[in-house]
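Residue numbers (my numbering), protein chains in the order written: chain A, 1 to 208; chain B, 1001 to 1426; chain C, 2001 to 2782.
Built from N, CA and C at the ideal position, the CB exists for glycine as well.
These notes concern the structure reproduced below.
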């Protein structure tokens, strides 16, 4: 794919957020993923060009962070937390069943390109364990069954909405644009907090 | 009985708590207006007087950190907010930012004014799309309302999956566009931080605590907590409990009190082990239910308050499995810079996998502990140290369980029994 | 001269006091006491990183102990510091043993098949600091065995201990971050961007500083064991930087060359040409026995007496001149200088077998002989001005030194030229863009101080008035001036008087007292009094019949601006050729005398600073003789004693030449030429030789050639638009003599200029076009 003048304009605006251009390398890598779905060589070269870096320096950064993918992922990238707490609470069972159900392994994509699977580390939602992320949106308190239903809905093209997130699950590329710092206007959608988040406050109001 | 004390979380139950309107409804941005009229040094003194300590884990006094920034040096200063919440078990900043991003922005304004910085960066982890949206929108709205952009700018920087970037110097390298590997110290960030300029790096909760302190005064804040651990804080309870969630309470509350509030360990089960502040803090057991959860209390009992991430595991949980999984996490997240952490975690995982599978001998436990001894205090940053915490503490309390794996030739636990859905089905 | 005041600090290490300058790292303070703390990532010329953790020691300061062992490579000494290394602290010792064990967890332990075996810091320190056997029983990390990261460098990631010396060198020293650490954790690995190999001119240094066998050079891989090699300190013959080197020889054959350690010159670095271009010495076509051209015009092998007799007969029969290339040693050049005057009775000698001018000859005699600007002056400069000089291409260690100061303290660099170069970009230099040939005005417009340094390259001679302007600028500002030729022997040849206007030590040939000085030394009645001819004048004189004989040493006739005339002169004259390998001169010579290559003889070069870079023969049993020895033999044959039978004799005689206090050659000002008018399809050519190109000393080094920069023709965006050319289109540059067609690159170059490499594959401008700088050429889309 070719990067258009409009793309370069956006990249320029990303660079301008920072006092020094090199700081923009991470949002630019997210931006490349929003265009190509993963970090392509073309993307690396474009970033090297706009930041006046060597492509090797961009590669060094892109391979350090796990969210940058060197191969394509699905339209919906599903991460199952298998860090200790979620794993114990059911994350391991969920991950195993999704592998079976989808017929793919870790870091693999379904043949239709809809769903990819990854076991992820703690995603800061332990009070909602076990947690599944899709395009880095929260799916709280999952079970084996709910997780299967979730990926089925993705493959059917009507993904279930996140528990705490926008009303509709955005695609991987759309989410990547958000992670590049571009506003998709969906911040107001979804709950402000889930029940566990509010538990202490509720109890306090009950005089606890 | 310690009473809960919602300050940060006081209005999270309002549907629009994350909006500018929602925030202003309860006096949002009046603290920053007040602070901007104050002498910066007076704000630093106020924060010092409040006793506020860093909520990212280390508990360093926030006001003192601000005071380290050299003044009149004609250099740019920076505030960097560490929102890279990734420590296993830790889940307080993420819901805070989802429910009320504006309190952080207001805290940034006050902190910037205090340390004479014009620029604040919020380094948020990249795996939380909707939280990114909320913070980004809040920043946009604050600019649109003229709250930002009048001498103080806030930039949202979004990470991309690296636990190590929670380490402040790795975070700075990452923010500068490099691989997130820790830097040599000295120089410390207060002297040469972001772009080699004087920089304060604070946790989200620390900065978010500042507006209330400015609004209500140091004495008010001081009145809560214990002798050396002042104020309120978010305790995050997770795992095998009836009602997990966030509990904002004065420092010094005990796990027994929090468990009571949460309805206790799930019915029919009992507490086996827990982390006081994330996986890098040595494990506690049911013997530690009454340890005051403040910086001193937890340290005196042999662990660290850390991020107050209370992960509760009941007796169905295999401690070897739990520790192996954490160790795999540290291996996955080791940045690779230093030998002990990079190679040590690689090796630890292999030994633990064998132990969990019942392979090996008791001598392997000694080897494991010696290996931890060669990593702890030898690695470049605290990640390597943290990797050894669950191992050494679990062997301390559950040595017999390790041995049981060896004598039985495998794990004696049924993993299904410990799942959330086990109770429902079984 | 000012002396820098340095605070000294006394610390105690393992019970011994040592006093070192403030800022010294603990690991180096320990070295002062002979205490070797094991280390991998530490390198004295790289920024401390503290990554490998091998050098952990116990430290206390004023009674306060650090709670855990500290990396001694990152901690500077402090007053009141007490250090306990592995020798006196069990904690430090266990820490070091622990780290060593961990380092070996993922190391393949393939020492028996590893090139580094026998000289490997990991191997050595595993012996000193490790256990006999490992407790590790698990699975090692594996990678594909060595991968080529350039045609010259191979990477074995399994052996790598991730000390980051290589990546730090590439970034911090060479400013070529083409290799980086990629991935993370235990999968962290050194790597390149897959579409851009590690093509840095300095890549070999990473092989040398790699503390394990992870980086190896293709040329040396699997060739030898270090303990089978005989090492000799040597000096580099490839350029005027003057690198200290080490040559490793096995059974008479050079197997590798390494950078030597000289803090005042090359520090511990060198360039890839210096490291990896040495096969020419052992090339199959090396000349080994003398040859004489017979009556049928065919070269025949001959005995030395026959050959010397033939040389004597030919030279005696006519008036002869000397052409000596810029690659001879100082001593050999002195031999040629003396031979011309004493044996041939002429000042017709010139070492400049390249584009040159009379302005330059006067400049050299008036301003360069005996001058003493040094690397240290670059270290202290407030500004460096580059004129007709591309340091990275033409004197790479000068580039490294400028770059060091740029990185350390943002040294201001100004470059006057027509095309922005990679080095200008890396040094963030101010690029003063001029049309080729119009340098003088830009030079005159510079404002420098007495702390500035002007580095002027040999190409300044190609622009009329440039050296005049340089001299004037140096005079008006008081700036230090240095002339940096490309070839290693030119400065020595100048000092030796291998040029028509001066005798050794800058004595003007026209000065009677100067002649008396040298005549006395040379034990001769008189010396020729007229200023000798320059290279091009000698060629002209041969072609017009006023000179009949040439003694030619180390000259490539295709290096000059009129190669056709040079070849014609060689055809016409009686030529005695002193050479190591057949060349265009050999083809036309009457007598061919084989000489020793650099590794086969001792001697010295004077680098651009005028600093002697002495070396001994690395190959001790060569039968080849130095130029000096052979010139003495010819002289003997002609009945004159040169008294220069050995290099030692020459060194002694050179040392006895006093300093010349008399007048210098006067420097006559030369005006700049006016810029010729150009048609739309015309441009002014400009060029330089790249470090890696078709140079004769790089013959046969294919791995090295694989890392050469791409041959391109560079034009400005304006010209590109005017003729409808984009990057990658073919561009034809032509003169009446010929043309080259090259891939176009649109870059920052003067609109009136076109640039192409002077002597690269597909672009040998002096042969193809007959011009290289400032001349009008036609540029069209091909």
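Delimiting residues of the alpha helix (DSSP H) encompassing residue i
i: residue 1393/B; result: 1382 to 1408
i: residue 2630/C; result: 2627 to 2637
i: residue 2335/C; result: 2330 to 2338
i: residue 2379/C; result: 2375 to 2380
i: residue 1133/B; result: 1129 to 1144
i: residue 1347/B; result: 1339 to 1356
Limits of the unbroken beta strand (DSSP E) element including residue i
i: residue 1250/B; result: 1245 to 1250
i: residue 2615/C; result: 2612 to 2615
i: residue 2730/C; result: 2730 to 2734
i: residue 81/A; result: 76 to 81
i: residue 2021/C; result: 2016 to 2021
i: residue 133/A; result: 132 to 134
Residue burial classification, residue i (beta-carbon count within 10 angstroms, cutoff 16)
i: residue 1954/C; result: Absent from the model: residue 1954/C. The displayed extent of chain C is 2001 to 2782, so no value can be given.
i: residue 2728/C; result: exposed
i: residue 2693/C; result: buried
i: residue 1389/B; result: buried
i: residue 27/A; result: buried
i: residue 2478/C; result: exposed
i: residue 20/A; result: exposed
i: residue 1414/B; result: exposed
i: residue 1186/B; result: exposed
i: residue 2376/C; result: exposed
Proximal residues to residue i (C-beta, below 6 Å), its chain only, five neighbours per side dropped
i: residue 1023/B; result: 1102
Where residue i falls: helix, strand or coil (DSSP)
i: residue 2546/C; result: coil
i: residue 18/A; result: coil
i: residue 2223/C; result: coil
i: residue 8/A; result: helix
i: residue 2553/C; result: strand
i: residue 154/A; result: helix
i: residue 1178/B; result: coil
i: residue 108/A; result: strand
i: residue 2698/C; result: helix
i: residue 2193/C; result: strand
Proximal residues to residue i (C-beta, below 8 Å), its chain only, five neighbours per side dropped
i: residue 1262/B; result: 1237, 1241, 1242, 1243, 1244, 1245, 1247
i: residue 2075/C; result: 2025, 2026, 2059
Residues near residue i in its chain [Cβ-Cβ closer than 7 Å; skip 5 each side]
i: residue 1426/B; result: With a pLDDT of 36 at residue 1426/B, under the threshold of 50, the modelled position of that residue is not reliable, and no figure is offered here.
i: residue 1006/B; result: 1248
i: residue 2606/C; result: 2330, 2491, 2492, 2495, 2612
i: residue 122/A; result: 81, 83
i: residue 71/A; result: 38
* chain C contacts made by the segment 2 to 16 of chain A, where a contact means CB separation under 9 Å -> Contacts with chain C (Cβ-Cβ distance below 9 Å) from the segment 2 to 16 of chain A involve no residue at all.
* Contacting positions in the segment 2178 to 2190 of chain C - beta carbon closer than 8 Å to chain B -> The segment 2178 to 2190 of chain C vs chain B, Cβ under 8 Å: 2181, 2183, 2184, 2185, 2186, 2187, 2188.
* Residues in the segment 1318 to 1346 of chain B having any Cβ partner in chain A nearer than 9 Å -> The segment 1318 to 1346 of chain B vs chain A, Cβ under 9 Å: 1318, 1321, 1322, 1323, 1324, 1325, 1326, 1328, 1329, 1332, 1333, 1335, 1336.
* **Residues, ordered as in the chain, of the segment 2044 to 2068 of chain C that lie near chain B by beta-carbon distance below 8 Å** => So the list reads 2048, 2049, 2050, 2051, 2052, 2053, 2054, 2056, 2067, 2068, given in the order they occur along the chain.
* Given a limit of 7 Å on CB to CB distance, which residues of the segment 2077 to 2100 of chain C reach chain B? -> Under the 7 Å Cβ criterion, the segment 2077 to 2100 of chain C contributes 2095, 2098, 2099.
* Taking a cut of 8 Å between CB atoms, which residues from the segment 2191 to 2203 of chain C lie near chain A? -> Within the segment 2191 to 2203 of chain C, the residues whose Cβ lies closer than 8 Å to some Cβ of chain A are 2191, 2192, 2193, 2194, 2195, 2196, listed in chain order.
* the segment 1003 to 1024 of chain B: which residues have C-beta closer than 9 Å to a C-beta of chain A, in chain order? -> Cβ contacts with chain A come from 1003, 1004, 1005, 1006, 1009, 1010, 1011, 1012, 1013, 1014, 1015, 1016, 1017, 1018, 1019, 1022.
* To do: Select from the segment 1220 to 1241 of chain B all residues with a C-beta closer than 7 Å to any C-beta belonging to chain A, and list them in chain order.
  => Close to chain A, meaning a Cβ-Cβ distance shorter than 7 Å, are the following residues of the segment 1220 to 1241 of chain B: 1236, 1237, 1238, 1239.
* To do: Give, in chain order, every residue of the segment 1129 to 1140 of chain B whose Cβ lies closer than 7 Å to some Cβ of chain A.
  => Listed by position along the chain: 1129, 1130, 1132, 1133, 1134, 1136, 1137, 1140.
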